Amino acid sequence: MKTYKIIIPVLLSIFFYSCEKNIDKEKPSIDLSIQDAFPVNCDTLYFGEPFNFIALFTDNVELGSYSIDIHNNFDHHSHSTEVIECSLDPIKTPVNPFLFIEDYDIPAGLSAYQTDTSITIPLGDETGNFDEGDYHFFISLTDKEGWSTQKGLSVKILRR
Amino acid sequence: MGILSNFSIAQTYYELSGTVVDENNEPLTGATVLLLPVKKAAITDANGVFSIKDLTKGKYTIELSFVGYNTLIDTIVLEENKKYKFQLDVSSLSLQEVVVTDNYSETRKNEVSLNIEIVNDDYLKQNLGGSLMSSLDRLPGVSTIDIGSGQSKPVIRGLGFNRVVVVENNIKHEAQQWGDDHGLEIDQYAVNNIEVIKGPASLMYGSDAIGGVIDMKNKNIPAENSYGGTIDLTGKTNNDFWGSSVSLYGREKWFFADIRATLLDYGDYKVPTDSVDIYSYRAALYKNHLRNTAGKEQNLHFSFGIIQNRFQSQFHFSNINSKNGFFANAHGLEPRNVDVNLHDKSNRDIQYPYQNVNHFKIINSSFYRRDKLKLEFDLGYQRNFRQEWSQYVQHGYMPATFPDNLFFNPDLERQFDKQVYSANVKSYYQLSSRIQLNLGINSEFQDNQIDGRGFIIPAYKQLVLGGFVFAKHNFSDKSLIQAGIRYDYGNINIKEYFDWFPSPIVETGDTIMQYLQRAAKIKRNFSNFTWSIGYNYNPEKWSYKFNIGKSFRMPIAKELAANGVNYHHFSYEVGNADLSPEISYQFDVGIEYSSSKFAIGTTPFLNYFSNYIYLNPSSEHDRLYGNGNQVFYYTQSQVFRYGTELHAHYKLFKSLQIGIIGEYVYSEQLSGAKEGFTLPFSPPPSAIFNIKYKKPKTKFVENAYLSIDYRITAPQNNIVPPEEPTDGYQVVNLGVGGDIVYKKQKVNISMQVQNLFNTKYFNHTSYYRLINVPESGRNFILNISIPFSGKIKQKVN
Chain A
1305 MKTYKIIIPV LLSIFFYSCE KNIDKEKPSI DLSIQDAFPV NCDTLYFGEP FNFIALFTDN
1365 VELGSYSIDI HNNFDHHSHS TEVIECSLDP IKTPVNPFLF IEDYDIPAGL SAYQTDTSIT
1425 IPLGDETGNF DEGDYHFFIS LTDKEGWSTQ KGLSVKILRR
Chain B
31 MGILSNFSIA QTYYELSGTV VDENNEPLTG ATVLLLPVKK AAITDANGVF SIKDLTKGKY
91 TIELSFVGYN TLIDTIVLEE NKKYKFQLDV SSLSLQEVVV TDNYSETRKN EVSLNIEIVN
151 DDYLKQNLGG SLMSSLDRLP GVSTIDIGSG QSKPVIRGLG FNRVVVVENN IKHEAQQWGD
211 DHGLEIDQYA VNNIEVIKGP ASLMYGSDAI GGVIDMKNKN IPAENSYGGT IDLTGKTNND
271 FWGSSVSLYG REKWFFADIR ATLLDYGDYK VPTDSVDIYS YRAALYKNHL RNTAGKEQNL
331 HFSFGIIQNR FQSQFHFSNI NSKNGFFANA HGLEPRNVDV NLHDKSNRDI QYPYQNVNHF
391 KIINSSFYRR DKLKLEFDLG YQRNFRQEWS QYVQHGYMPA TFPDNLFFNP DLERQFDKQV
451 YSANVKSYYQ LSSRIQLNLG INSEFQDNQI DGRGFIIPAY KQLVLGGFVF AKHNFSDKSL
511 IQAGIRYDYG NINIKEYFDW FPSPIVETGD TIMQYLQRAA KIKRNFSNFT WSIGYNYNPE
571 KWSYKFNIGK SFRMPIAKEL AANGVNYHHF SYEVGNADLS PEISYQFDVG IEYSSSKFAI
631 GTTPFLNYFS NYIYLNPSSE HDRLYGNGNQ VFYYTQSQVF RYGTELHAHY KLFKSLQIGI
691 IGEYVYSEQL SGAKEGFTLP FSPPPSAIFN IKYKKPKTKF VENAYLSIDY RITAPQNNIV
751 PPEEPTDGYQ VVNLGVGGDI VYKKQKVNIS MQVQNLFNTK YFNHTSYYRL INVPESGRNF
811 ILNISIPFSG KIKQKVN
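Chains as they are written, first to last, in this note's numbering: chain A, 1305 to 1464; chain B, 31 to 827.
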């Protein structure tokens, strides 16, 4: 019977199969302490100006992908993952807040990768200029196996 | 016990009849009478009367059992028609012992070839946890997935959610079992008897019973012309819990009724830590309170029925209503800042985010019995209505300010409205003195509607039909073989769903705003053929069980069509419309030795899934549907599992007993993206060492007990993303109690100290483990139960 054909080899294999197999149990990491890392907590970005997102990603095996999400923190709903607290503007109601969501690939086979991603924040959209103020800069990183790490930064986006 | 006998005319075949009464000489209805070695059984009728016909001359062993009473075993010699009167004593045994020693359970266990545990309400009182399921956590092979202090889901040998079937009054309990953030909608005070089947039981319970079954029954039918009730009061220090449940019952000759009301109210629970690290975010706690985990519950039950010699029918109505908060810092698309002034003002208020659950049930359970035939009919209607509320926060491409032209409240995060209709027919037929034949049909129709601003599962309609044949054959009075087959058919119709807000889609360089389709219209049909065969051998003090079977589970709507963000795990979950039904093969063994002083038993199992449905964390992120979150895909993989439970106890003295309960389970994925990894929420090996002192009778206290549990749990390093390894821990729990008797009034008191040393530890299978929330600190629990009863005066004719 098919069942036994499966069960018996499986049974035998447990005894020869050690429990500690070579599987990846480590999360990747986001390093913002490198020189030139940008943005870091409490940095300021400007509407209408491009900037380069620079961070060092590392993993014990192989990196997967990352995403960046920038959304308003006008209601102070979010705090950063960093030790230093930034000074926030008073709570306000969003009128035309800026929103940015993007996912990025990391070239295959890398266990360390320094990003140099150019991001432009437009001045506004068809409804008008974007709101200045406190924003939340959220980075999510995965490795090939599906482990993940997040970092959340408090930034200000202003008009120069 | 008193025996009265009558003589009558001798014949080739004889009849054994009699009456079974309780300690007050009141007839016991529904007591089981078993005659060995012929294995003929009867059940006492409304007047406590039974009869077994067509018996030949000879020596028989008669066994009389009734839940809550000591089983009576006696030898009788039948040389003519005889009539006996049997009196059963109230059982002072409770299943609080390390090993279930109740005779009723023993008999039942010897007749079932899967491994089972049986508990009664004494056990529940003495081990009262935050919820019904956490009270069962102590049983070998049973653990829970907890969410806060009052919510937990059953896990049997590492399998939970839709892989465990919960049955209440013969009808499968249906809610949103897939969700990891709410518990079972069952009133723990209303449950009197629970049977836990460890292992796949699809044969009798259908799809979903692939991991096991928790089958519970409400109160037994009261004796004729009696009334009574119970007042239960419970308090817990950790979360300032108070609970009260009051029940009343009564029965005249053939009509009986029962009513119960339960009120629970609790505050935020306390954990032995000042702050928790939610992923990389640290959230400070105020006075060790896990912010906003307070809750309350209001339950009502009403049942009534008629009882006749051959026919019995009972209606159960129940409504379970609960409202409870979620840990405020860890809800939404990212760990959140909370308004501490608002949240920390009171530890009893329930602020956003919270959920409201209402579960309404009507069940009719009837049976008809005639000679060798018993027919059972069960009909059920359930409505599970659940809402999750949280402040409207724009995420992804939702508008920053909520438009005022929509048909739902902006703060309604999710709503599920599920109506379930069930109908079961079962027949038991005694084919010959050694063969019993069972036939059954189960059917269920589900209609699930959704609402709210977030999408995770679609609306759907689902129909499931199944039929089974099952036979038991006693080779001798010591050995029994049972085998059965089952066929199931199911279909599911998933409704399509579009976002209520547009998202920017980039197509050939242009960005257009479009309402995303989250779920497509899906129609799937499933059918499956399952089987099971088992053998029991019970010589003297030993018991051996072997069972092998195939079980299956239909994919649920979430697995087929999820497409949204999980607000608790900050992940984006995607269903797979092409999933096939999960198939599992399991081999179970049970070996037990038991004497009056010493008992030991082990229940190993081997299990293979050809296509376990698994939510696989991928390396991808998704901008459009997933709001930039990591993507989790439903996939299928081969899984191999094995494990065992072990229990032993030894009576040092008449009143002092030591014991141990241990459990171990190992799981491994043999194929797919996570080959070599375990399954999520794998319970670590654990053992409970127990010392129990019992004193059946002192001057004022009856059934006094003192019990110490020392629990050792090993570390769990066998993990799968996004889990973290969990350290081992050691916890001491104390229990003390008894019945205080004053004149004729009895007051049952059960006290517990859980986590005596206020140890900070993490439970690997806790839902809050991922965000580093430790388990509850020290908790004093007091339960006072006051039963009362009396006789209804009968009119003199």
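No residue lacks a Cβ here, since even glycine has one placed at the ideal position from N, Cα and C.
Just so it is clear, the structure is predicted and the values come from calculations on it, not from any experiment.
{"query": "Alpha carbon of B/Phe-271 to alpha carbon of B/Lys-326, nearest angstrom", "result": "9 Å"}
{"query": "Paired residues, beta bridge with B/Tyr-382 - DSSP", "result": "B/Tyr-382 pairs with nothing; no bridge assigned."}
{"query": "Cβ contact (3+ pairs, closer than 8 Å) linking the stretch 712–719 of chain B and the stretch 647–658 of chain B", "result": "no"}
{"query": "Interface flag, A/Tyr-1370 vs chain B, CB-CB below 8 Å", "result": "yes"}
{"query": "Pick from B/Leu-330, B/Thr-91, B/Ile-691, B/Ser-625 that is closest to B/Lys-741, judged by C-alpha positions", "result": "Note that residue 741 of chain B is Arg in the sequence shown, not Lys. Nearest option by C-alpha distance: B/Ile-691."}
{"query": "Rounded straight-line distance, which links the Cα of B/Tyr-798 to that of B/His-598", "result": "9 Å"}
{"query": "Beta-bridge partners of A/Ser-1422, as assigned by DSSP", "result": "A/Asn-1356"}
{"query": "Sequence-distant residues of its chain with Cβ nearer than 7 Å to B/His-319 (five each side left out)", "result": "Asp-298, Lys-300, Asn-377"}
{"query": "Nearest neighbour of B/Tyr-623, chosen from B/Thr-633, B/Ser-614, B/Arg-516, B/Leu-330 [CA to CA]", "result": "B/Thr-633"}
{"query": "is_contact[B/Thr-131, chain A] using C-beta, thresh 8 Å", "result": "No answer about B/Thr-131 holds up, because its pLDDT of 32 lies below 50 and its placement is not dependable."}
{"query": "Between the CA atoms of B/Thr-541 and B/Met-584 - distance to the nearest angstrom", "result": "40 Å"}
{"query": "Proximity below 8 Å, CB of B/Val-63 to CB of B/Ile-92", "result": "yes"}
{"query": "Contacts around A/Glu-1406, its chain only, beta-carbon distance under 7 Å, and the 5 residues preceding and following it disregarded", "result": "Ser-1371, Ile-1372"}
{"query": "Cα-Cα separation between B/Tyr-398 and B/Leu-46, rounded to whole angstroms", "result": "22 Å"}
{"query": "A/Pro-1332 vs A/Asp-1447 beta-carbon contact at 8 Å", "result": "yes"}
{"query": "Beta-carbon contacts of B/Ile-535 that lie in its chain and below 6 Å, excluding the five residues immediately before and after", "result": "Ile-542, Gln-544"}
{"query": "Length of the line joining the Cα atoms of B/Phe-683 and B/Leu-330", "result": "44 Å"}
{"query": "Member of B/Arg-193, B/Asn-793, B/Glu-198 whose CA lies at the smallest distance from the CA of B/Leu-162", "result": "B/Glu-198"}
{"query": "Per-residue contacts from B/Pro-426 into chain A (C-beta, under 8 Å)", "result": "With the sequence shown as reference, residue 426 of chain B is identified as Gly, and Pro is not the correct amino acid for it. Ordered by position in chain A, the residues that pass the 8 Å Cβ test against B/Gly-426 are Ile-1405."}
{"query": "Contact check, B/Ala-61 vs B/Leu-108, beta carbons under 8 Å", "result": "no"}
{"query": "Coil, strand or helix - B/Ser-161 by DSSP", "result": "coil"}
{"query": "C-beta neighbour in chain A for B/Tyr-680, strict 8 Å", "result": "no"}
{"query": "Closer than 7 Å at the beta carbon, the chain B residues around A/Thr-1385", "result": "Ser-310, Tyr-311"}
{"query": "Candidates B/Val-499, B/Phe-559, B/Lys-525, B/Gly-564: closest to B/Ile-511 by CA position", "result": "B/Gly-564"}
{"query": "Below-8 Å beta-carbon distance, B/Gln-784 vs any chain A residue", "result": "no"}
{"query": "Selection of the stretch 394–427 of chain B by Cβ proximity to chain A, strictly under 8 Å", "result": "Val-423, Gln-424, His-425, Gly-426, Tyr-427"}
{"query": "DSSP bridge partner residues for A/Asn-1376 (one or two, in chain order)", "result": "A/Tyr-1439"}
{"query": "Minimum length 3: unbroken beta strand (DSSP E) runs contained in the stretch 529–572 of chain B", "result": "540–549, 552–567"}
{"query": "Cβ-Cβ distance between B/Ile-811 and B/Lys-266 below 8 Å", "result": "yes"}
{"query": "With 16 other Cβ atoms within 10 Å as the buried cut-off, status of A/Thr-1424", "result": "exposed"}
{"query": "Boundaries of the beta strand (DSSP E) in which B/Leu-64 is found, first to last residue", "result": "62–66"}
{"query": "Any C-beta of chain B under 8 Å from that of A/Ile-1423", "result": "no"}
{"query": "Residue from B/Ser-573, B/Tyr-664, B/Asn-720, B/Ser-667 whose Cα sits closest to the Cα of B/Leu-686", "result": "B/Asn-720"}
{"query": "Alpha-carbon to alpha-carbon, B/Leu-118 and B/Glu-56", "result": "10 Å"}
{"query": "Extent of the continuous beta strand (DSSP E) run through B/Lys-829", "result": "Outside the modelled stretch of chain B, which goes from 31 to 827, sits residue 829 of chain B, for which no answer is possible."}
{"query": "Beta-carbon proximity list for B/Val-2, same chain, < 6 Å, skipping 5 on both sides", "result": "The structure shown does not extend to residue 2 of chain B, since chain B spans only 31 to 827, so no value can be given for it."}
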